[in-house]
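Structure record follows, encoded as structure tokens.
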Ligand SMILES: Nc1ncnc2c1ncn2[C@@H]1O[C@H](COP(=O)(O)OP(=O)(O)O)[C@@H](O)[C@H]1O
Ligand SMILES: [Mg+2]
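Residue numbers (this note's numbering): 18 to 489.
See the structure below:
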């Protein structure tokens, strides 16, 4: 729960933020592209104007002034390119000719920045609003070495055309941006409408499931991820539902199992109190029955406690794992079961060659093996043999408990390890079984990452096996 104390934001905020980021990115790209375009265009123009001005200057330097006077130069230029303005300025800043204006009406041009640069012998340029032409012009001025000193040839062109063009481009891009912005917003809104209500429904579904109401599952949604989430939730609900059913069944089973001995004890105690206690024979017989039923209750409760201990998490606190020799464990089991075997003249044999090292919880594995041996003794006829054998294969260390008993019918085998499942109910009850023995064996194998198996044929005995993974 790392996120618990962090502020939570609605999906809305993320939508608005992403729309804002995307649209500002769009606008800055538009602005940047226009700006670069403008710079590029102005640079190109500047170069063209300089080339033109230098050509004119060179022509005058080499061929001298035309006989007809200065005006001829500017007129010629006007003829070549109408959009171009050519100005010729002498050392004193006086305009000698201008292709776009009348020199006598013009003021002294000697202090125009680009002209000053040209006087100094370099190429001067600048963008300015021209009072003469009432437009923004790009000026390029170059020096011209005449007999009278340094003159200046200045070429200029209006930037109005390019500005108009750029404005047009910018305007169009802006319109497109706005349209994209709108589209983006609509898509986001659509997504929002598609995602938010399902999320709300899923949340309500989860709350329903948490309350144990599994009758209504979540519908299928159009958005893939959401539909997957809903499906996962439905699967979880199904699992929870069946777990809940298992739990109910288990509680019903436990109650049923406990009811019989409790009813018996109650019945016999009442009979005793009502006068049976006065007959010594009845007293002894009834008390024996009561005692046996109390033992039975104790057995069931012991087994239930064992099971719940094996199911409690974390397991690491329940398991006391260590290295042991399996043969020692099997021999100890034989010791424990020997007297029960003797009563039925059953021969118990341990088949194990030390050392078979295993990493297990000693007492749990003892209990599992004893449960198997106990069953073998309980369900086998007298004067038979029960074998407890250790076996090692490529990946497992196995404990086989085989008997020469009645065997188990195949239909029972799949459910044999379930709690309270008995193949032969009457017999098991008569022999004092709780029906939990094999469930405990399976649990113990599982907490060791192992498994259980059984192979049995009616009439020719059974072999129960605990398979433990080999640890090297
Ligand atoms: N060695 C065996 N031979 C025949 N039947 C067996 C054997 N072991 C177990 N079973 C059958 O499996 C059932 C479940 O065993 P278990 O869980 O130990 O319960 P129980 O308390 O009845 O012994 C028994 O009731 C019995 O019907
Ligand atoms: Mg048993």
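Even for Gly, the Cβ is constructed at its ideal location relative to N, Cα and C.
Close-in-space but distant-in-sequence residues of the same chain around residue i (CB under 6 Å, 5 per side omitted)
i: residue 110; result: 125, 126, 127
i: residue 231; result: 254, 258
i: residue 70; result: 157, 159, 170, 172
i: residue 396; result: 422
i: residue 149; result: 118
i: residue 418; result: 389, 390, 393, 405, 481
i: residue 27; result: none
i: residue 102; result: 116, 117, 173
i: residue 89; result: 83
i: residue 366; result: 404
Beta-ladder partner(s) of residue i, from DSSP
i: residue 409; result: 414
i: residue 171; result: 104, 158
i: residue 153; result: 146
i: residue 376; result: 340
i: residue 141; result: 158
i: residue 480; result: 419, 472
i: residue 485; result: 414
i: residue 395; result: Looking at the DSSP assignment, residue 395 forms no beta bridge with any residue, so it has no partner.
i: residue 166; result: 163
i: residue 403; result: 365
Assumed close pair residue i, residue j - CB separation to whole angstroms, cut-off 8 Å
i: residue 247; j: residue 282; result: With a Cβ gap of about 52 Å, residue 247 and residue 282 do not count as contacting.
i: residue 289; j: residue 300; result: 7 Å
i: residue 473; j: residue 394; result: With a Cβ gap of about 16 Å, residue 473 and residue 394 do not count as contacting.
i: residue 406; j: residue 345; result: That belief does not hold up - the Cβ atoms of residue 406 and residue 345 are roughly 15 Å apart, past 8 Å.
i: residue 201; j: residue 36; result: 5 Å
i: residue 324; j: residue 460; result: 6 Å
i: residue 303; j: residue 311; result: Contact doesn't hold; Cβ gap of about 12 Å is too wide.
i: residue 479; j: residue 420; result: 6 Å
i: residue 375; j: residue 350; result: Not quite, the Cβ-Cβ distance comes to about 14 Å (not below 8 Å), so this is no contact.
Three-way DSSP call (helix, strand, coil) for residue i in this model
i: residue 470; result: strand
i: residue 235; result: coil
i: residue 37; result: helix
i: residue 320; result: helix
i: residue 436; result: coil
i: residue 369; result: coil
i: residue 345; result: helix
i: residue 277; result: helix
i: residue 493; result: As displayed, the chain neither begins before 18 nor continues past 489, which places residue 493 out of reach and without an answer.
i: residue 253; result: helix
i: residue 123; result: coil
i: residue 113; result: strand
i: residue 99; result: coil
i: residue 296; result: coil
i: residue 427; result: helix
i: residue 465; result: coil
i: residue 451; result: coil
i: residue 82; result: coil
Spatial neighbours of residue i in its chain, beta-carbon cut-off 7 Å, leaving aside the 5 residues before and after
i: residue 432; result: 438
i: residue 336; result: 378, 464
i: residue 138; result: 160
i: residue 18; result: Unreliable placement is indicated for residue 18, whose pLDDT of 49 sits below 50; the coordinate value is still reported in the next sentence. Counting only Cβ-Cβ distances below 7 Å, and skipping sequence neighbours, we find nothing.
i: residue 39; result: 201
i: residue 108; result: 165, 166, 167, 168
i: residue 197; result: 43
i: residue 229; result: 261
i: residue 408; result: 415, 417
Closer than 7 Å: residue i CB and nearest ligand 3 heavy atom
i: residue 391; result: Of the ligands one can find in the structure shown, namely ligand 1 and ligand 2, none is ligand 3.
Cβ neighbours of residue i in the same chain (closer than 8 Å, five flanking residues each side left out)
i: residue 153; result: 144, 145, 146, 147, 175, 176, 177, 180
i: residue 462; result: 385, 468, 469, 483, 484, 485
i: residue 100; result: 174, 175, 178
i: residue 195; result: none
i: residue 329; result: 335
8 Å Cβ cutoff, residue i in contact with chain C
i: residue 136; result: Absent from the structure is chain C; it holds one protein chain and no more.
Next on the checklist: For the pair the stretch 180 to 189 and the stretch 155 to 166, tell me if three or more CB-CB distances fall below 8 Å.
Outcome noted: no
Checklist entry - Are three or more beta carbon pairs between the stretch 312 to 322 and the stretch 357 to 373 nearer than 8 Å? => result no
Checklist entry - Between the stretch 401 to 416 and the stretch 479 to 488, do three or more beta carbon pairs fall short of 8 Å? => result yes
Checklist entry - Taking three-plus beta-carbon pairs below 8 Å as touching, is the stretch 401 to 410 in contact with the stretch 437 to 455? => result no
Next on the checklist: I want to know whether the stretch 208 to 219 touches the stretch 174 to 184 - three or more CB-CB distances under 8 Å.
Outcome noted: no
Next on the checklist: For the pair the stretch 81 to 101 and the stretch 114 to 121, tell me if three or more CB-CB distances fall below 8 Å.
Outcome noted: yes
Item to check | Stretch-stretch touch, CB-based, cutoff 8 Å, three pairs: the stretch 75 to 91 with the stretch 44 to 54 | outcome: no
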